[in-house]
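Residue numbers (the numbering used here), protein chains in the order written: chain A, -17 to 182; chain B, -17 to 182.
Don't be surprised by glycine CBs; every beta carbon is placed ideally from N, CA and C.
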DNA sequence: GCGTTACCGTAACGTACGCTACGGTATGGG
DNA sequence: CCCATACCGTAGCGTACGTTACGGTAACGC
């Protein structure tokens, strides 16, 4: 048996390359040739690792989700109160640093791709709903006195703020600066601090 | 002098076609051939009306801004109080109906295109900052007691919520339903109702 | 060390893109 | 009524895409 390869490692390398190209050249610049060049191999190897371009995209999308999910797990675990956990998870999901802004550009790219690709759209919905559930669960921990519907509504508000900041900061990091994002997230969280019933 | 044409009308038609294709097939499906087919003409006519594809995109982008701007003007004018005006402007900028959701898909498409095209990026920033200024001005009318920095910060929060809802509803209109968007926007506005100093 | 075989680089295929050049066509002025 | 000309449809250019087929190559069992 000759020449065995580490398939998982190749997939990881190529996903990283996909990511890098997507962040740098945008969706139209994401070609198999560009990915191969970035990964230091040829298109032949790319298509021996993934069946076609869509499979590569799907894998890269999953990688993005895993990465943000793990960061969220870590932020959540490090916090010493539900309120701090919620704040930390939202904060790490926003895009203050350049690295996160790159992730935000990739996210926007996949969002746009999902508009025309049913498979990517399904993935996006699934991952985003999981994020919603995570936030909703944390809201429930912070305000167990609220009804479940209020938890869900608040989660939607918070996720909308965070993803809105991400999308806007991806194109205009100057206006949507780190400080602005912090203020916006904190403002969205103040609603949880008061004696509200969570319904408006 | 033979055969005069209505240039402005052609530009309008082609921008509408661009828009329609972008909403339906996404950014990768936006080709000159597709636009020409949708407009009922040929690529020759398209490139006699616009110098190149980018000029077409820029015109379509301007159209999107004008359209949303006019709707915002109307919403603002119809309201009988600053608070109602702010609410109406935010609400019309969100995407509850199918027509608005199409606009949201187009907006996401242009956002993604802006990531790779400096000209479209400049347009996006300019238009978004104008929207920010509009919202900031309305916030100032609602809470003249707040410092200007609080007006700007609040505007960023509100715009982030609205555009976040737009982006998310473009792919998952079921989760980010009309009702959910209404609740989220109202929740973001409650901050303006209380005796806050606007700083957190 | 050698044959076998999985692996992947090379090259090219077909397609579709943005764009251009040219010739037919319709329409205004005389 | 007809000529002149602005207009635009047709056809095709060059390029780059995704994908494929094949042959060379390197590594493991024996």
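With burial defined as no fewer than 16 other Cβ atoms inside 10 Å of the residue's Cβ, what is the status of residue i: buried or exposed?
i, result
"residue 190(A)", "Chain A is shown from -17 up to 182; residue 190(A) falls before or after that span and cannot be answered."
"residue 0(B)", "buried"
"residue 77(B)", "buried"
"residue 36(B)", "exposed"
"residue 118(A)", "buried"
"residue 24(A)", "exposed"
"residue 182(A)", "Interpretation of residue 182(A) is limited by its pLDDT of 44, a score under 50 that renders its predicted location unreliable; the figure taken from the coordinates is listed afterwards. Residue 182(A) should be labelled exposed."
"residue 161(B)", "exposed"
"residue 163(A)", "buried"
"residue 43(B)", "buried"
"residue 91(A)", "buried"
"residue 106(A)", "buried"
"residue 133(A)", "buried"
"residue 186(A)", "Nothing in the structure corresponds to residue 186(A), since chain A is present only between -17 and 182."
"residue 139(A)", "buried"
Give a yes or no on whether 8 Å exceeds the smallest Cβ distance from residue i to chain B.
i, result
"residue 115(A)", "no"
"residue 155(A)", "no"
"residue 72(A)", "no"
"residue 173(A)", "yes"
"residue 135(A)", "yes"
"residue 9(A)", "yes"
"residue 2(A)", "no"
"residue 170(A)", "yes"
Within 8 Å (strictly less), CB to CB, does residue i reach chain A?
i, result
"residue 165(B)", "yes"
"residue 124(B)", "no"
"residue 119(B)", "no"
"residue 68(B)", "no"
"residue -1(B)", "no"
"residue 150(B)", "yes"
"residue 77(B)", "no"
Report back the beta-carbon spacing between residue i and residue j to the nearest angstrom; my notes put them in contact at under 8 Å.
i, j, result
"residue 51(B)", "residue 98(A)", "Rounded, the Cβ-Cβ distance is 27 Å, inconsistent with contact."
"residue 68(A)", "residue 124(A)", "6 Å"
"residue -10(B)", "residue 87(B)", "Going by Cβ atoms, the distance from residue -10(B) to residue 87(B) rounds to 26 Å, so no, they are not a contact pair."
"residue 121(B)", "residue 174(B)", "7 Å"
"residue 4(A)", "residue 21(A)", "Incorrect: roughly 13 Å between the Cβ atoms, too far for contact."
I want to check one thing, is the minimum distance from the CB of residue i to the heavy atoms of the ligand MN below 7 Å?
i, result
"residue 151(B)", "Only the bare structure without any ligand can be found here, which leaves the ligand MN out of the picture."
What residues in the region 16 to 48 of chain A have a beta carbon less than 7 Å from any beta carbon of chain B?
none
At a Cβ cut of 7 Å, what residues of the region 79 to 111 of chain B count as close to chain A, listed as they run along the chain?
87, 90, 91, 93, 94, 96, 97, 98, 103, 106, 107, 110, 111
Where the region 47 to 65 of chain A meets chain B: residues whose CB sits under 8 Å from a CB there:
none
What residues from the region 136 to 147 of chain B come within 8 Å of chain A, judged by C-beta to C-beta, listed N to C?
136, 138, 139, 141, 142, 143, 144, 145, 146, 147
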